[in-house]
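Below is one structure; the comments refer to it alone.
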Amino acid sequence: MWFHDAPSLFDKLKNYIATLTNFVQSDGTSLKRGRVAVVCLSFYPQEKPFFVNKLGKGIVSDVLSKLATEFGQERIDHIQDLKSYWEDLRLEMKFLKQESGHEVTIDGEKVSYSITNSYAEIEMAERNEELGETRIIFVPTIEGAHVFDQVMNPNEAWNKYPDGVSKKELKRLIKRVKELRREENGLIRPVFITIAHHFWNGLCGHSRSLGGLVKCVIDQQNALGEGLTEAGKLAITAMLEKENDQDGNPVPPIYVDIKHMSRKSRLEYFNLLEDFEGQNIPILVSHGGVTGLSEPGGINQTPAAQQGLFMTDDINFYDDEIVKIGLSNGLFGIQLDERRIASKLVLREARGNIKRRDILYGWSKLVWYQIRHIAEVLDLNGQYAWGIQALGTDFDGIIDPINGYWTSQELNKLDDYLLMHVYNYIKEVKEPCPLLQARNKSVSPEHIVERVMTSNALNVLSKMMGS
50 MWFHDAPSLF
60 DKLKNYIATL
70 TNFVQSDGTS
80 LKRGRVAVVC
90 LSFYPQEKPF
100 FVNKLGKGIV
110 SDVLSKLATE
120 FGQERIDHIQ
130 DLKSYWEDLR
140 LEMKFLKQES
150 GHEVTIDGEK
160 VSYSITNSYA
170 EIEMAERNEE
180 LGETRIIFVP
190 TIEGAHVFDQ
200 VMNPNEAWNK
210 YPDGVSKKEL
220 KRLIKRVKEL
230 RREENGLIRP
240 VFITIAHHFW
250 NGLCGHSRSL
260 GGLVKCVIDQ
270 QNALGEGLTE
280 AGKLAITAML
290 EKENDQDGNP
300 VPPIYVDIKH
310 MSRKSRLEYF
320 NLLEDFEGQN
330 IPILVSHGGV
340 TGLSEPGGIN
350 QTPAAQQGLF
360 MTDDINFYDD
370 EIVKIGLSNG
380 LFGIQLDERR
390 IASKLVLREA
400 RGNIKRRDIL
410 YGWSKLVWYQ
420 IRHIAEVLDL
430 NGQYAWGIQA
440 LGTDFDGIID
450 PINGYWTSQE
460 LNKLDDYLLM
470 HVYNYIKEVK
480 EPCPLLQARN
490 KSVSPEHIVE
500 RVMTSNALNV
510 LSKMMGS
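Under the numbering used here, the residue at position 360 of the sequence shown is numbered 409, and the numbers go up by one with no gaps.
Structural data, given as structure tokens:
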């Protein structure tokens, strides 16, 4: 977890020219140097279709896989022959536990990490002045509910079974959800889980997430854009419904992350939440971007959206969804991926900088545009403007990070540059601030940046994680 592989000049050139990210972004060393104290760490057994694709699983497929992921041949062979994501998940969890609490020396300072799904541990580390200084805390999450093994062949027709999966697999699915939630057999309960990911998993339709050359080699078409299945609804219910253990103590839920869900699935999930009235379930986007549209085919309601600043594919989120997130006191993690954060026109303009300061300033503006649009949407709808935005970097996903902010280490600079953009906006340096509510305009720039970088995420985590 502490292995440091900083991007070389050649790595940056590969990223700039071919969008390949062949370096580690959120190792413990980079986190420490970037002053990152609390991390939502995503367990993710890699999905087989990346490695068994339209090219099969021969040498050409393997070479392209190595180029994109830097996985070794042994790992690629293992994934191609994988019989159980569930067992791969166990191995990932076992790996993370091995070094938990073990001290290493970074830049002359002793530091360790721990993993917890209890907010009390974060509070204790803060009180003891350890948090971000001598200790990094990983909050466990999972990306992709394929981990339950209900669909091991994602090319099987999505409508083969009335419930989305066979009766046998549905029974095992619910059993494993409950096993994970209760932390049985050495499992770590994730605070939240992404129901969908890149491929059909029997639970819901997904959004298109792959592009470029990868799109030509890997097929995402099966169940693309479809809604929640009965199996998906039952799995979500098993994650969220009130439950007590054998001693009568409440079992914490596993919350749902709506990233990667199709638009149809997301809307059906919002409807499903009506069955959990009174539980105050926050709607979460762990790593996402905005479309700038009120709804599919809708209008641009904010000044930022009217300038054509955003990528409008439906893996990003619409204004009506932002309103739902706000009303649920949820969280919107802003993804630091070039392919999600801005329109092609804005990306071309951002790439024109050469000096490091200009690069950091120019690309942080893209993050600011996301923050600003969300604020203006919430403001238009009578809500507090600055309460749901947070960082959802997706570092060490297979992403193309925004230039200058290559790894977690550079997050140490992001708040400084965001502060410049927020100051100009709130203080109306170049143009009038379009916010309508006085409470949203009277907030200090420093408070807004602190919320985005720290307290919005911690506030939501404190409600979800419990003691």
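Cβ coordinates follow ideal geometry from the N, Cα and C atoms, glycine included.
Please read these numbers as outputs of a predicted model, since none were measured by experiment.
Inset, instruction - Can you tell me which of the three DSSP states residue 184 falls into? - result: Here residue 184 refers to the residue found at position 135 when the sequence shown is read from its first residue. Looking at residue 184 - three-state DSSP - the assignment turns out to be strand.
Legend entry - Whole alpha helix (DSSP H) elements within the region 199-264, 4-residue minimum: 216-230
Inset, instruction - Indicate whether residue 254 and residue 335 have their beta-carbon atoms separated by less than 8 Å. - result: Within the sequence shown, the letter at position 205 stands for residue 254. Within the sequence shown, the letter at position 286 stands for residue 335. It is not a contact, given that the beta carbons lie outside the stated cut-off.
Legend entry - Local conformation of residue 92 per DSSP, three classes: Position 43 of the sequence shown, counting from 1, holds the residue named residue 92. Note: residue 92 maps to strand in three-state DSSP.
Legend entry - Supposed contact pair residue 89 and residue 188 - C-beta distance, whole angstroms, cut 8 Å: Stepping through the sequence shown from its first residue, residue 188 is reached at position 139. Stepping through the sequence shown from its first residue, residue 89 is reached at position 40. At roughly 5 Å, the Cβ-Cβ gap stays under 8 Å, so residue 188 and residue 89 are in contact.
Legend entry - Three-pair Cβ contact test at 8 Å for the region 469-478 versus the region 91-104: Contact between the region 469-478 and the region 91-104 is not established, with fewer than three Cβ pairs separated by less than 8 Å.
Legend entry - Residue range of the unbroken alpha helix (DSSP H) whose run includes residue 154: Taking the first residue of the sequence shown as position 1, residue 154 is located at position 105. Taken as a continuous stretch (DSSP letters only), residue 154 belongs to no alpha helix (DSSP H), being part of the beta strand (DSSP E) at 153-155.
Legend entry - Unbroken alpha helix (DSSP H) run spanning residue 164, endpoints: Your numbering for residue 164 matches position 115 in the sequence shown. Where residue 164 is concerned, there is no enclosing alpha helix (DSSP H), although the beta strand (DSSP E) it sits in stretches over 158-164.
Legend entry - Rounded C-alpha distance that separates residue 82 from residue 503: Translated into the one-based positions of the sequence shown, residue 82 becomes position 33. Translated into the one-based positions of the sequence shown, residue 503 becomes position 454. Their backbone Cα atoms lie some 16 Å apart in a straight line.
Inset, instruction - State the CB to CB distance for the pair residue 305 and residue 371, rounded to an integer number of angstroms; the pair is presumed to be in contact (CB under 8 Å). - result: Locating residue 305 in the sequence shown gives position 256, counting from the first residue. Locating residue 371 in the sequence shown gives position 322, counting from the first residue. At roughly 17 Å, the Cβ-Cβ gap does not stay under 8 Å, so residue 305 and residue 371 are not in contact.
Legend entry - Nearest-angstrom Cβ-Cβ length linking residue 56 and residue 455, presumed shorter than 8 Å: Working through the sequence shown from its first residue, we reach residue 56 at position 7. Working through the sequence shown from its first residue, we reach residue 455 at position 406. Right, their Cβ atoms sit about 5 Å apart.
Inset, instruction - Could you tell me which of 356, 79, 332 and 231 sits nearest to residue 295, measuring between CA atoms? - result: By one-based count along the sequence shown, residue 295 stands at place 246. It is 231 whose Cα lies nearest to the Cα of residue 295.
Inset, instruction - Look at the alpha carbon of residue 312 and the alpha carbon of residue 351, and state the distance between them as a whole number of angstroms. - result: Your numbering for residue 312 matches position 263 in the sequence shown. Your numbering for residue 351 matches position 302 in the sequence shown. For residue 312 and residue 351, the distance between alpha carbons rounds to 21 Å.
Legend entry - C-alpha distance - residue 190 paired with residue 431, whole-angstrom precision: In the sequence shown, the residue the question calls residue 190 occupies position 141. In the sequence shown, the residue the question calls residue 431 occupies position 382. So the two alpha carbons sit approximately 32 Å from each other.
Legend entry - Nearest residue (CA-CA) to residue 218, options 280, 169 and 165: As a first step, residue 218 is located in the sequence shown; it is residue number 169 there, counting from the start. Among 280, 169 and 165, the Cα nearest to that of residue 218 belongs to 280.
Legend entry - Member of 445, 170, 285 and 202 whose CA lies at the smallest distance from the CA of residue 226: Residue mapping note: residue 226 aligns to position 177 of the sequence shown, counting from 1. Considering only alpha carbons, the answer is 285.
Legend entry - Euclidean distance between Cα positions of residue 391 and residue 420: Indexing the sequence shown from 1 puts residue 391 at position 342. Indexing the sequence shown from 1 puts residue 420 at position 371. The straight-line gap from Cα to Cα measures roughly 12 Å.
Legend entry - Residues near residue 166 by beta carbon distance below 8 Å, same chain, minus five either side: As a working mapping, residue 166 is identified with position 117 in the sequence shown. Excluding sequence neighbours, residue 166 sits near 188, 189, 237, 238, 239, 240, 301 and 514.
Inset, instruction - Check each candidate in 355, 265, 386 and 343 and name the one with the smallest Cα separation from residue 367. - result: As a first step, residue 367 is located in the sequence shown; it is residue number 318 there, counting from the start. Here the closest residue by C-alpha is 343.
Legend entry - Cα-Cα separation, residue 424 to residue 433: Here residue 424 refers to the residue found at position 375 of the sequence shown. Here residue 433 refers to the residue found at position 384 of the sequence shown. Taking the straight line joining both Cα atoms gives about 8 Å.
Legend entry - Proximity to residue 243 [Cα-Cα], best of 229, 222 and 193: Reading the sequence shown from its first residue, position 194 is the one you call residue 243. For residue 243, the nearest C-alpha among the options comes from 193.
Inset, instruction - For residue 248, count neighbouring C-beta atoms within 10 Å of its own C-beta (all shown protein chains included) and say buried if the count is 16 or more, exposed if not. - result: Mapped onto the sequence shown, residue 248 falls at position 199. By the neighbour-count definition (other C-beta atoms within 10 Å, threshold 16), residue 248 is a buried residue.
Legend entry - Bridge partners - residue 366, DSSP secondary structure assignment: Here the question's residue 366 lines up with position 317 in the sequence shown. DSSP, once it has assigned bridges, lists 339 as partnering residue 366.
Legend entry - Inter-residue spacing [alpha-carbon to alpha-carbon] between residue 376 and residue 289: Sequence index remark: in the sequence shown, residue 376 carries index 327 (1-based). Sequence index remark: in the sequence shown, residue 289 carries index 240 (1-based). Answer to the nearest angstrom: the Cα atoms are 19 Å apart.
Inset, instruction - Return the residue from the list 325, 329, 61 and 310 that minimises the CA-CA distance to residue 362. - result: Counted from its first residue, the sequence shown places residue 362 at position 313. For residue 362, the nearest C-alpha among the options comes from 310.
Inset, instruction - Note down, in chain order, each residue of its chain lying with its Cβ closer than 7 Å to the Cβ of residue 63, except the 5 sequence neighbours on either side. - result: Walking along the sequence shown from the start, residue 63 turns up at place 14. Taken in chain order, the residues that qualify are 69 and 71.
Legend entry - Segments of 4+ residues assigned as alpha helix (DSSP H) that fall wholly inside the region 389-432: 393-399 and 405-429
Inset, instruction - Just the C-alpha distance for residue 358 and residue 429, rounded to the nearest angstrom, thanks. - result: The residue given as residue 358 occupies position 309 in the sequence shown. The residue given as residue 429 occupies position 380 in the sequence shown. Distance between the alpha carbons of residue 358 and residue 429 is about 19 Å.
Inset, instruction - Reducing DSSP to helix, strand and coil, say where residue 190 ends up. - result: Numbered from its first residue, the sequence shown carries residue 190 at position 141. Of the three classes helix, strand and coil, the one that applies to residue 190 here is strand, per DSSP.
Legend entry - Expected contact under 8 Å - CB spacing of residue 307 and residue 381 to nearest Å: By one-based count along the sequence shown, residue 307 stands at place 258. By one-based count along the sequence shown, residue 381 stands at place 332. Incorrect: roughly 10 Å between the Cβ atoms, too far for contact.
Inset, instruction - With distances taken Cα to Cα, identify the nearest neighbour of residue 389 among 506, 257, 406 and 252. - result: As a position in the sequence shown, residue 389 is number 340, starting the count at 1. Closest in alpha carbon position to residue 389, among 506, 257, 406 and 252, is 257.
Inset, instruction - Check whether the region 194-213 touches the region 262-282, taking contact to mean three or more Cβ pairs, one atom from each stretch, closer than 8 Å. - result: Flag = yes, the region 194-213 and the region 262-282 touch.
Inset, instruction - Under 6 Å Cβ to Cβ from residue 374, same chain only, skipping five residues before and after it: list those, please. - result: The sequence position of residue 374 within the sequence shown is 325, counting from 1. Result list for residue 374: 332, 381 and 437, in chain order.
Inset, instruction - Compute the beta-carbon to beta-carbon distance between residue 125 and residue 111, rounded to the nearest angstrom, for a pair I have assumed lies under 8 Å. - result: Position 76 of the sequence shown, counting from 1, holds the residue named residue 125. Position 62 of the sequence shown, counting from 1, holds the residue named residue 111. Residue 125 to residue 111, Cβ: 6 Å. Contact.
Legend entry - Per-residue DSSP class, three states only, for residue 177: As a first step, residue 177 is located in the sequence shown; it is residue number 128 there, counting from the start. Correct three-state label for residue 177: coil.
Inset, instruction - Spatial neighbours of residue 198 within its chain, please: CB distance less than 6 Å, with the 5 preceding and 5 following residues excluded, ordered by chain position. - result: In the sequence shown, residue 198 corresponds to position 149, counting from 1. Excluding positions up to five away in sequence, the list reads 133, 134 and 135.
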